[in-house]
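Okay, structure first, notes after.
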Amino acid sequence: MADSKGATFEHLDNGRTQHEQLGEQIFGRERQYSLWKAIKVHKRIIFHCVAAFGAGMCFGYDTIANGATISMPGFVIYFGAVTAEGELYVPSIWASLWTAMSYLLQAMGGFLIGFVSDRVGRKWPCVGSCVLSIAGVGIQFGATSRAMLLGGKMVNGLAIGCLFATATAWASEISPLRLRGPIQSAIILFMFFMQAIGLVVVRMFVPNITTHSFKTVFAVQWAWPIATGLLFIFMPESPTWLLLQGRTKSARNSLEKLYGSNNEIEARLAHMALGIRLEEDQALRHGAGSYVDLFKGSSLKRTLTVVWMFLGFGFTGACLLAQSIYFLIIAGLEPIHSYDVAIGGFGIAIFAIVGSWFFMEKTGRRLIFLVGAGVNCVVMFVIGGLYYTHSKGALWAVAIIMNLLISWQAVTLVSTAWAITGEISSYRLRAKTQGVAVISNAFSTWLFTFTVAYIYNVDAGNLGIRAGFVYGGGSLLFFIFSFLLVPDLRGFSTEEIDWLYENKVPSWRIQENVVAAKEGILAMEANFQHEKVVV
Numbered sequence: 006m007a008d009s010k011g012a013t014f015e016h017l018d019n020g021r022t023q024h025e026q027l028g029e030q031i032f033g034r035e036r037q038y039s040l041w042k043a044i045k046v047h048k049r050i051i052f053h054c055v056a057a058f059g060a061g062m063c064f065g066y067d068t069i070a071n072g073a074t075i076s077m078p079g080f081v082i083y084f085g086a087v088t089a090e091g092e093l094y095v096p097s098i099w100a101s102l103w104t105a106m107s108y109l110l111q112a113m114g115g116f117l118i119g120f121v122s123d124r125v126g127r128k129w130p131c132v133g134s135c136v137l138s139i140a141g142v143g144i145q146f147g148a149t150s151r152a153m154l155l156g157g158k159m160v161n162g163l164a165i166g167c168l169f170a171t172a173t174a175w176a177s178e179i180s181p182l183r184l185r186g187p188i189q190s191a192i193i194l195f196m197f198f199m200q201a202i203g204l205v206v207v208r209m210f211v212p213n214i215t216t217h218s219f220k221t222v223f224a225v226q227w228a229w230p231i232a233t234g235l236l237f238i239f240m241p242e243s244p245t246w247l248l249l250q251g252r253t254k255s256a257r258n259s260l261e262k263l264y265g266s267n268n269e270i271e272a273r274l275a276h277m278a279l280g281i282r283l284e285e286d287q288a289l290r291h292g293a294g295s296y297v298d299l300f301k302g303s304s305l306k307r308t309l310t311v312v313w314m315f316l317g318f319g320f321t322g323a324c325l326l327a328q329s330i331y332f333l334i335i336a337g338l339e340p341i342h343s344y345d346v347a348i349g350g351f352g353i354a355i356f357a358i359v360g361s362w363f364f365m366e367k368t369g370r371r372l373i374f375l376v377g378a379g380v381n382c383v384v385m386f387v388i389g390g391l392y393y394t395h396s397k398g399a400l401w402a403v404a405i406i407m408n409l410l411i412s413w414q415a416v417t418l419v420s421t422a423w424a425i426t427g428e429i430s431s432y433r434l435r436a437k438t439q440g441v442a443v444i445s446n447a448f449s450t451w452l453f454t455f456t457v458a459y460i461y462n463v464d465a466g467n468l469g470i471r472a473g474f475v476y477g478g479g480s481l482l483f484f485i486f487s488f489l490l491v492p493d494l495r496g497f498s499t500e501e502i503d504w505l506y507e508n509k510v511p512s513w514r515i516q517e518n519v520v521a522a523k524e525g526i527l528a529m530e531a532n533f534q535h536e537k538v539v540v
């Protein structure tokens with residue numbers, strides 16, 4: 006039974022101070038947990054996050070289905086063209102369209118789902134997105150022309166954009182502070198895990214030159230949206246969204262499912278409710294939570310940070326690395342070896358991401374991100390320079406370096422960016438911030454995927470591995486702007502992050518203001534209570 010908006014916190018007013026104080030004590034205690042202890046204490050939440058991990062799996066496999074299948078001999082024979090010399094290849098325009106349009110529709114999905122999820126919640130839009138993905142995969146499986154295949158990729162791209170934006174927002178809202186970053190990173194872990202699985206599937210069918218080879222790759226994709234959709238049906242709704250809608254009783258029930266009924270639910274609910282009340286007070290001055298509000302006041306810098314992190318991935322050569330198999334094949338490496346090296350690279354990425362959960366909390370997101378961008382810059386210039394070393398060994402070196410760089414970007418840039426995105430947004434703008442992240446990532450991938458083939462492909466720019474010079478310069482630009490924007494928000498609550506941005510604390514000085522942020526929140530709470538007494 007839905008509660009009325011005016012009675013959102015009515016039940017909490019009796020004994021409010023006691024519950025809020027206990028909630029603050031619980032929050033303060035849990036923010037000091039080690040990662041392993043937080044996992045043991047909140048294992049129920051980890052279990053529920055399996056649904057969000059499924060969204061990462063859908064995203065990851067779709068990336069491989071888009072990028073790796075174009076290098077399968079069976080695919081090239083069916084959808085490719087022949088040069089004057091009799092060599093098979095995939096025309097640049099279609100190679101770009103198949104991938105780029107998928108990501109463009111991902112961007113549209115990330116944008117549109119923000120309106121839907123703010124009105125009907127996070128859970129059911131995830132289920133609906135999975136149903137749409139099943140349809141998109143079906144169109145690809147039955148495609149008999151390049152245009153039909155493009156249509157299927159666009160439908161599935163829209164579904165993936167909707168699913169990933171909503172699932173990451175849901176996971177962020179159900180996660181306790183200590184696990185918020187690691188859980189977002191774990192979603193990326195499952196994304197890379199599924200990319201590795203996808204490559205194994207593709208690799209198995211490379212010797213098969215019939216249509217069954219790539220159609221099997223598409224058919225396997227059905228498993229992930231089906232499983233993810235079924236999981237979300239049984240998941241609780243986001244308690245944050247329920248409180249924002251005034252449904253206090255439903256929020257309490259959701260928290261009981263996530264934490265267990267004997268885990269200080271009233272105190273946790275009161276603490277969460279107080280944070281939302283403070284934000285609602287801020288919303289009276291800065292807007293109620295539309296996309297326009299993302300670009301107002303203290304939210305502007307937060308939004309620009311998210312946009313830059315994901316848009317900037319294109320400057321680092323991420324799209325070149327995503328097509329590394331096809332890129333290495335046209336550079337002269339045998340297809341089977343290209344797949345083997347790529348699978349090894351994703352395997353390394355999986356272990357590296359797990360390891361990053363432990364040192365990320367000690368070294369901080371900002372340092373990891375900046376080191377990642379700096380090393381990426383140097384390595385890209387090295388790749389470009391290897392063009393002038395004409396030997397088979399140099400080609401193998403490029404193959405190994407590119408796939409190690411995939412792992413490096415996964416740990417230092419991709420997983421860190423999603424961890425920061427899950428922390429940086431306010432309660433009322435979280436779903437839309439996650440949507441902006443998906444939009445920015447998809448737009449960047451669309452733009453740079455559309456152009457990267459023209460940079461290195463034989464029927465266009467024909468730079469080959471000299472493309473490393475282009476992305477080395479782009480990585481330098483990425484590092485400079487990231488230094489100015491990317492924060493280290495480990496250990497801060499959503500309310501404290503609001504205070505930091507309201508007070509225009511520079512990104513490189515955020516960790517110096519831990520005490521100031523706590524004192525600022527106490528002052529805001531005191532002022533809020535004073536205004537209530539006056540009224």
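The sequence shown begins at 6 in this note's numbering and counts up one residue at a time. All residues carry an ideal CB built from backbone N, CA and C; glycine is no exception.
The three-state secondary structure of V87, taken from DSSP, is strand. Annotation for R252: no alpha helix (DSSP H) segment contains it, and DSSP assigns it neither H nor E. In the DSSP assignment, Y94 forms a beta bridge with A86. A straight line joining the alpha-carbon of A378 with that of S266 spans about 44 Å. Collapsing the DSSP output to three states places C167 in a helix.
Approximately 5 Å separates the beta-carbon atoms of S122 and T171; this is inside 8 Å, confirming the contact.
Non-local C-beta neighbours of N518 in its own chain, meaning closer than 7 Å and more than five positions away in sequence, comprise L505, V510, ordered along the chain. In the three-state DSSP reduction, W41 falls in the helix class (H, G or I). About 6 Å separates the beta carbon of I139 from that of I231, a gap short enough to meet the 8 Å contact definition.
Our two residues, E261 and P244, have alpha carbons roughly 10 Å apart in a direct line. Less than 9 Å separates the beta-carbon of V206 from that of T221. Taking each of A70, A43, W103 in turn and checking the Cα distance to W229, the smallest one comes out for A70.
For a cut-off of 8 Å, the C-beta gap from F320 to G479 is around 3 Å, short enough to register as a contact. In this structure, G317 sits near L482, with a CB-CB distance shorter than 9 Å.
Taking C-alpha positions only, F364 is separated from I188 by approximately 15 Å. Note on E25: 16 or more other CB atoms within 10 angstroms of its CB, so buried under the neighbour-count rule.
With 16 or more other Cβ atoms from the protein chains shown falling within 10 Å of its own Cβ, H47 counts as buried. The beta-carbon separation of F58 and A191, rounded to 6 Å, stays under the 8 Å limit for a contact. Between M153 and L110, the C-beta spacing is not below 9 Å. In the DSSP assignment, D503 falls within the unbroken alpha helix (DSSP H) covering 499-507. DSSP, reduced to helix, strand and coil, places T394 outside both helices and strands of the structure shown, so it counts as coil. Its chain contains L248, L249, Y432 as the residues whose beta carbon lies nearer than 7 Å to that of I281, once the 5 sequence neighbours on both sides are disregarded; these appear in chain order. The beta carbon of S449 is closer than 7 Å to those of F315, L316, F318, G319 in its chain, skipping five residues each way along the sequence. For T310, the secondary structure class from DSSP, reduced to helix, strand or coil, is helix.
Spanning the alpha carbons of I270 and R34 requires a straight line of approximately 15 Å. The C-beta of L299 has 16 or more other C-beta atoms within 10 Å across all chains shown, which makes the residue buried. Every unbroken stretch of the alpha helix (DSSP H) spanning 4 or more residues and falling wholly within the region 417-498 is given here in chain order: 420-429, 435-461, 472-490. Counted as a single uninterrupted DSSP element, the alpha helix (DSSP H) harbouring W229 occupies residues 228-238. Beyond the five residues adjoining it in sequence on each side, G440 comes within less than 7 Å, by CB distance, of G115, F116, I118, G119, A170 in the same chain, given in chain order.
As the crow flies, the alpha-carbon of V132 is around 6 Å from that of F237.
Shown here, Q328 sits in coil according to DSSP, grouped into three states, outside any helix or strand. Cβ atoms of I405 and I470 stay farther apart than 8 Å, at about 13 Å.
Here N508 is exposed, its C-beta having fewer than 16 other C-beta atoms within 10 Å.
When Cβ pairs closer than 8 Å are counted between the two stretches, the region 99-106 is seen to touch the region 450-460, the count reaching three or more. One alpha carbon belongs to I144, the other to G28, and they sit about 50 Å apart. Counting every other CB atom within 10 Å of its CB across the protein chains shown gives E178 a total of 16 or more, marking it as buried.
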